[in-house]
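Q: Supplied in structure tokens, the structure appears directly below.
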Amino acid sequence: MTGRWLTTRTVEALSAPERTVFRDRALAGFAVVVEPSGRKTYVLERGAAAAVALGRHGAVSAEAARRRAARLLAGDAAPAPSVAEAAILYMREYVESCCKPATVAQYRRVLDRHIVPALGGLPLAAIGRAHAAELQHRLADRPAAANQAVAVLGRLIDHAAERGLAPARANPCRGLPRYRARRRERFLTDAEFRRLGNALDALEASGEVAPHAAAAIRLLALTGCRRNEILRLRWDDVRLEAMELSLRDSKTGPKTVPLSPEAAEILARLPRVPGNPWVVPGRKPGAPVSGVFLPWRRVRAAAGLDDVRLHDLRHSFASRALALGESLPTIARLLGHARVQTTARYAHLARDTVREAAARVAEAIGEDLLPGGAGFAPLPPRAGRGRAAFAPEAMQACAKRIAERIGADILPR
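The sequence shown: position 20 = 20 (the numbering used here), numbered continuously.
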């Protein structure tokens, strides 16, 4: 369509039931492509050649896109950036301003270790599917890292296209088959929790593990929180009278964590360091602890749990919840998952619970129904399996039930 002056205001008002190109009446070739979804992209049309993307509406103004189109028509356009240059722009313009610090560090690590060393010197416009596949193949022995590198490269290319720094074309990373990552799942048994509790008691008593570090490990086991949700917890976020933690900024945003009596007891007994606002203080005045990896290594070695990570305490919390019959939506709220689909990774544990319940019911019936009524060895009940009422609104009661199963083993004697 032609005959209109493209300004930020007029483009904002455009809509179309199907993909439509609205052309500017003043600058030949300058146009905006409007998708049914509402996405609008400024382009410069050059006859039979592929249109050059000038940026996405919202990321750039119509006036800025018009100036770039004019420079391109005059042959005075800046050279296309390299992958390394585009990576710097992506980090500065999007990642550092829109993402959480942990995500910023993660993206910078992926770019610095994998993408820039492999592709940094190439023009971004030259990156094709073969380059993305080769990047992935280089990391084939680390499937998760390979998939992450391709994903970050794809987002970098999308960002450059929205800024008009890459041609309008299909993203070469989109649709590339991902490697099947080896998901690691480790859940502590009742006996392992007892060993963990005994090790914490012994090492704390001997002074090899500080009380605050031991408390952090116990809180991770009793709340299902992520590591930094406990290590970056402020006393102002602890509401013992309400039996909850009010986290200002978790991975999925602000959230409330219900406290069980066992977790509340640990916090109530924990000494506060004057002038330090952090529940788990560090060595520097007024600073939080940098990490508990060294104490954790000592504890797990003493407990004979060398293959257990701190994050496995969170997995174990979820497995206990499922063993008690809690639903996936309830557990998703307890863990702070933004989507229930993330919690669904534990669904096989729920199926195990159902199978064992069916076996116990059949065992009770079978004694009377089966021929002879004997000769079938009963299945021993599995430790930690119980029956609980489904109460999605009673998060406090749910946390209490889970902590009761763990607390006897993990609390200080």
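Glycine included, each C-beta is placed from N, C-alpha and C at the ideal position.
Relative to the alpha-carbon of P81, which residue among A160, L259 and E208 has its alpha-carbon at the smallest distance?
A: Answer by Cα proximity: A160.
Q: So is K284 buried or exposed if we call it buried at 16+ other beta carbons inside 10 Å?
A: Exposed, by the Cβ-count rule.
Q: What separation, rounded to the nearest whole angstrom, lies between the Cα atoms of G384 and R314?
A: Per-residue confidence for G384 stands at a pLDDT of 39, beneath the threshold of 50, marking its modelled position as unreliable; no derived number is given.
Q: Could you pull the start and end residues of the alpha helix (DSSP H) that A86 belongs to?
A: That run of the alpha helix (DSSP H) goes V83 to Y90.
Q: What would DSSP say about T10, mapped onto helix, strand or coil?
A: Of the three classes helix, strand and coil, the one that applies to T10 here is helix, per DSSP.
Q: May I ask you to report which of helix, strand or coil DSSP gives K284?
A: Here K284 sits in coil by DSSP.
Q: How should P258 be labelled, buried or exposed, when 16 other C-beta atoms within 10 angstroms of its C-beta is the threshold for buried?
A: Buried, since its Cβ has 16 or more Cβ neighbours within 10 Å.
Q: First and last residue of the beta strand (DSSP E) that includes V33?
A: Run containing V33: F30 to V34, per the beta strand (DSSP E) assignment.
Q: One question on the structure: do K400 and S246 come within less than 7 angstroms of each other, judged by their Cβ atoms?
A: Taking 7 angstroms as the Cβ cut-off, K400 and S246 do not qualify as a contacting pair.
Q: In angstroms, rounded to a whole number, what distance separates the CA positions of G128 and P167?
A: Each residue's alpha carbon lies about 12 angstroms from the other.
Q: Skipping 5 residues on each side, what residues in its chain have a beta carbon closer than 7 angstroms to that of A181?
A: Closer than 7 angstroms at Cβ, skipping near neighbours: P143, A144 and N147.
Q: On the three-state DSSP scale, how would you describe A53?
A: Residue state, collapsed to three classes: strand.
Q: Alpha carbon to alpha carbon, how far is L124 from A48?
A: Approximately 23 angstroms, taken between the alpha carbons.
Q: Counting Cβ pairs closer than 8 angstroms, one from the stretch 200–215 and one from the stretch 282–302, do we hit at least three?
A: Output reads yes: the stretch 282–302 touches the stretch 200–215.
Q: Between which residues of its own chain and S15 is the CB-CB distance below 6 angstroms, once the five residues before and five after are set aside?
A: Excluding positions up to five away in sequence, the list is empty.
Q: Does L294 pass the burial test, meaning 16 or more other C-beta atoms within 10 Å, or should it be called exposed?
A: It counts as exposed.
Q: Taking 8 angstroms as the threshold, find out whether the stretch 318–330 comes into contact with the stretch 267–283 through three or more Cβ pairs.
A: No, the stretch 318–330 is not in contact with the stretch 267–283.
Q: List in chain order: all unbroken beta strand (DSSP E) runs of 3+ residues lying wholly within the stretch 180–263.
A: Counting whole runs of 3 or more residues, the stretch 180–263 contains the beta strand (DSSP E) stretches 244–250 and 253–258.
Q: Counting C-beta neighbours from all protein chains within 10 Å, is the total for S220 16 or more, i.e. buried, or is it exposed?
A: This sequence places Leu at residue 220; Ser is not what is there. Buried is the call here.
Q: Pick from G75, A102, R109 and A74: whose alpha carbon is nearest that of A87?
A: Comparing Cα-Cα distances from A87 to each of G75, A102, R109 and A74, the minimum goes to R109.
Q: Is the stretch 18–33 in contact with the stretch 52–70, if contact means three or more CB pairs nearer than 8 angstroms?
A: The stretch 18–33 is in contact with the stretch 52–70.
Q: Where does the unbroken alpha helix (DSSP H) through R138 begin, and where does it stop?
A: It spans R129 to R138 - the alpha helix (DSSP H) in which R138 sits, taken as one unbroken run.
Q: Helix, strand or coil: how does DSSP classify R23 here?
A: Strand, per DSSP.
Q: I need the straight-line Cα distance from Y179 to D141, nearest angstrom please.
A: When rounded, the distance between both Cα atoms is 10 angstroms.
Q: Span of the beta strand (DSSP E) holding V299?
A: No beta strand (DSSP E) holds V299; the alpha helix (DSSP H) holding it covers F293 to A303.
Q: Looking at the structure shown, is R66 part of a helix, part of a strand, or coil, going by DSSP?
A: Three-state DSSP puts R66 in a helix.
Q: Are C225 and E326 touching if we call contact CB-CB under 7 angstroms?
A: In this structure, E326 does not lie closer than 7 angstroms to C225 by Cβ.
Q: Is it right to say P281 is buried, meaning 16 or more other beta carbons lie within 10 angstroms of its own, or is it exposed?
A: P281 comes out buried.
Q: Under three-state DSSP, which class holds V279?
A: It is coil, neither helix nor strand.
Q: Give the range of the beta strand (DSSP E) segment to which E46 is assigned.
A: The residue asked about is misnamed: residue 46 is Arg in this sequence, not Glu. Start and end: K40 to R46.
Q: Spatial neighbours of Y42 within its chain, please: C-beta separation below 6 angstroms, excluding the five flanking residues on both sides.
A: Cβ neighbours of Y42 beyond the five flanking positions: V32, L54, G55 and A65.
Q: What is the rounded straight-line gap between the Cα of R298 and the Cα of L222?
A: Approximately 20 angstroms, taken between the alpha carbons.
Q: Give the secondary structure of P123 by DSSP, where H, G and I count as helix, E and B as strand, and everything else as coil.
A: Three-state result, P123: strand.
Q: Which term fits S37, buried or exposed, when burial requires 16 or more other beta carbons within 10 angstroms of its beta carbon?
A: The residue in question, S37, is exposed, as its Cβ has fewer than 16 Cβ neighbours within 10 Å.
Q: Measuring alpha carbon to alpha carbon, tell me which of D249, G291 and A268 ends up nearest L231.
A: Closest option to L231, Cα to Cα, is G291.
Q: Could you give the DSSP three-state label for V273: helix, strand or coil?
A: V273 falls in the coil class under three-state DSSP.
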